[in-house]
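Q:
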Amino acid sequence: MAFSAGDKIMAPGLPNVQAFTASGTWTKPSGLRAVMVEVVGGGGGGGGSVQGTAQQTEGGYGGGAGYARKLFQASEIGASATITVGAGGTGGSSAAGTGGVGGTSSFVSGAATVSASGGTGGFGCSTSQTSATGGSGGTGTGGDINVAGQPGSKGRVISALAVLAGTGGISGNGMGGGAPSRSSAGTGDVGQPYGGGGGGGFGANGSSGNWGGGVGGAGVVIVTTYF
């Protein structure tokens, strides 16, 4: 098979994988032939809930983060790259607050940028509602592959006998699972790294107090080098 001058190929040799779970700087090693960059944003936070006297209230679930992947030849990037890792969105307040938006993760080297936005937060839920909208998924940009995260499930106001089965959104590459629903009153569960949406707070019928949403899963930037 013949390759043209513009084709991108994977370099031979064992890859070296470096996962950034905090923001920092990546330095281009000598002898590099190619680098694969994968970027996942932070998951959205779950919404809070207000306890009902005859109903169960459940906040909306956070959306999953976006994902992007790009293969660079060594000549396409600079001597270093700025790495930004998005935090998970904060959980909504226990007064039916909306969850926070997950942070954007990115790899920036000269004119080359690969990024993935975080999921948005789930809406809070009070007894005056019938449901609470889940957060939307984040998006990836600048990659050879860009995948949106899944939206979070709706929260609901329902009878004490109903079964809850919502989930936070899964990140675009499937790395971060969304938080599951709760079986008892409490703060929403945390979204899984990397980029899973947080769970909605659950105010069960007869429970004491209101409950906040769960935090979204943090993002990650994975840099795989080939020599």
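If you count by our numbering, then the sequence shown holds residues 534 to 760, one letter each, in order.
Even for Gly, the Cβ is constructed at its ideal location relative to N, Cα and C.
1) Which term fits T554, buried or exposed, when burial requires 16 or more other beta carbons within 10 angstroms of its beta carbon?
2) Could you check what DSSP says for S563 in three-state terms: helix, strand or coil?
3) Between which two residues does the beta strand (DSSP E) containing I703 stretch?
4) Beta-carbon separation of G581 and G630 under 7 Å?
5) Who are the near neighbours of T558 in its chain, counting only those whose CB is closer than 8 Å to its CB and skipping five residues on each side?
6) Nearest by alpha-carbon distance to S638: which of G575, I691, G625 is it?
7) If you draw a straight line from the alpha carbon of G651 to that of A712, how long is it in whole angstroms?
8) Quick check on the burial criterion: 16 or more other C-beta atoms within 10 angstroms. Buried or exposed for I610?
9) Going by alpha carbons, who is nearest to A628 out of Q551, S717, S661?
10) If you measure between the beta carbons of G655 and G592, is that distance less than 7 Å?
A: If we stick to the structure as given:
1) By the 10 Å Cβ count, T554 comes out exposed.
2) Secondary structure of S563 (DSSP, three-state): coil.
3) Premise fails: I703 is in no beta strand (DSSP E) and is neither H nor E.
4) Closer than 7 Å, so yes.
5) Annotation for T558: S613, A614, T615, I616 place their beta carbon closer than 8 Å to its own, counting only its chain and skipping 5 residues before and after.
6) The shortest C-alpha to C-alpha distance from S638 to any of G575, I691, G625 is the one to G575.
7) Taking the straight line from one Cα to the other gives about 15 Å.
8) Around the beta carbon of I610, 16 or more other beta carbons lie within 10 angstroms, which makes this residue buried.
9) Closest option to A628, judged by alpha-carbon separation, among Q551, S717, S661: S661.
10) Cβ atoms of G655 and G592: closer than 7 Å.
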